[in-house]
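These notes concern the structure reproduced below.
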Amino acid sequence: MPNTISSSTTIRLVRFSAMLLYLLLIGYGSLYPFSGWRAPLNGSLAFLSAPWPHHVTRTDLITNILAYLPLGYFLAAWLRLYLSRWRAVVWAILSAALFSLLMEWSQTFLPGRIAATQDIAANVAGTTFGVLLYRLLQESKWPGRLLPGWRGRWLASGLWSNFGLLVLALWGLSQLSLDVPSLVAGNLKAHFVPFWEVRGEDGYRFHLLYALIFGLEGALASLLIATLMRRAPRKLSGWSGILGFVLICKLLAAALLLKGWVVPRLFSAEMISGVILAALLIIWAQRKPGGLRAQTIAILLLLTELLQFLLHSSVMRTFSGSSHAVPLNITALAAWVALAWPLLVLILLWLRPVLPTRRMP
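Per our numbering, numbering of the sequence shown is gapless, rising by one per residue and ending at 374.
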């Protein structure tokens, strides 16, 4: 009985802490730089009756949705401890809507920040997706049995695997960064040239550092996925599928922030070289996906990303004062996650339970 009570208290504390921490994170990003407060000329609630703009950028829309998706998940997980299933859903969405309204209202007192009702709508949509995600991960009733059942068939179980999936999810977030290894950086920052236009481009310069980062990151993400699987792939087709999945995820993340016609132009010489390098590294390390060679790749990726961060990172310019960007908006947060991700993988591999490797037939 005491152990049950202790476990229940721990779950409540963890869920409440996660929710509170994420609320503070959103508040920081919404109200930065916390200076220059002044009374709005047209009243603090005038934005509620203002017409919607004729054009809403995809980046703003996706950013607001993704920023509130984890909040919806955390709110639903915490409220479910005290409320019935559907009451938890309703109160999670209402709570996030009120918090979003509070953030937008507070922005009317800050110069340089613009309050808008479409932001609230996008935030509520993101919260709803987060609540639905929480529901999908529950095993009690359909459709909650789908994802856990799929995971049980393909992925390893246990606490270590749970943290591994979290690290993999953080890799997905890192693809929204405006710096390499995100493919978005190739168009917005590095101005990559599609490989079919290289010969006709005057003054073209190959970015070796970026190609190295693409290759190391692609290989490490693929090896991490294989490590989390119940049975690591043995055939070339299995590894090709994993590397292809990693590449598709990177392209989908770029498609969220860029116009559709730009995405094919991301196939630069640097990206193609990175894919080839990733394939070679996977062949080198595939016998033990979570072993010493994979850890070596993680260390090399960490070092190359640190070098790129010091030389070219927009996040560093933000904190050094040479940029007016918000340090913890979704793209800047993704850049920090991308920088820390190799270290997280390295720690995860060091803590990996010693289990016999099972391979796919």
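C-beta atoms are modelled at their ideal positions from N, C-alpha and C, and glycine is treated no differently.
Pick out whichever of I296, I127, K263, W91 has its Cα sitting closest to the Cα of G251. I296
Taking the Cβ atom as the reference point for each residue, do L168 and G49 lie within a distance shorter than 8 Å? no
Is A307 helix, strand or coil by DSSP? helix
Could you please give the first and the last residue of the uninterrupted alpha helix (DSSP H) stretch that includes Q120? 98-120
Which residue marks the beginning of the alpha helix (DSSP H) containing S235, and which one marks its end? 221-241
Which one or two residues does DSSP pair with P207 in a beta bridge? S281
Among the residues of its own chain, which have a CB less than 6 Å from the CB of I238, if the five just before and after it don't count? I255
Nearest-angstrom Cα separation, counted from S187 out to L178: 14 Å
Closest Cα partner of L58 within the set A128, F47, A232: A128
Could you round the C-beta distance between V259 and G231 to whole angstroms and report it? I think they count as a contact, below 8 Å. 6 Å
Quick check: R28 and F112, are their CB atoms within less than 8 Å of each other? no
Can you look up L178 in the DSSP assignment and give me helix, strand or coil? helix
Around the C-beta of L364, are 16 or more other C-beta atoms found within 10 angstroms, so that it is buried, or is it exposed? exposed
So A80 and I343 are in contact, right, with Cβ under 8 Å, and what is the actual spacing, rounded? 5 Å
Per-residue burial, L357 [other beta carbons within 10 Å of its own, 16 or more giving buried]: buried
Do you know how far the Cα of W104 is from the Cα of I226? 43 Å
Apply the 10 Å Cβ neighbour rule to N55 and answer buried if 16 or more other Cβ atoms are within range, or exposed otherwise. exposed
May I ask which residues mark the beginning and end of the alpha helix (DSSP H) holding S250? 249-270
So D73 is in the alpha helix (DSSP H); what residue range does that whole segment cover? 71-92
Leaving out five residues before and five after P66 in sequence, what residues of the same chain have Cβ atoms less than 8 Å from its Cβ? A129, Q131
Option in L314, A345, L189 with minimal Cα separation from P355: L314
Please check the pair I75 and L359, which I expect to be a contact at CB under 8 Å, by giving their CB distance rounded to whole angstroms. At roughly 30 Å, the Cβ-Cβ gap does not stay under 8 Å, so I75 and L359 are not in contact.
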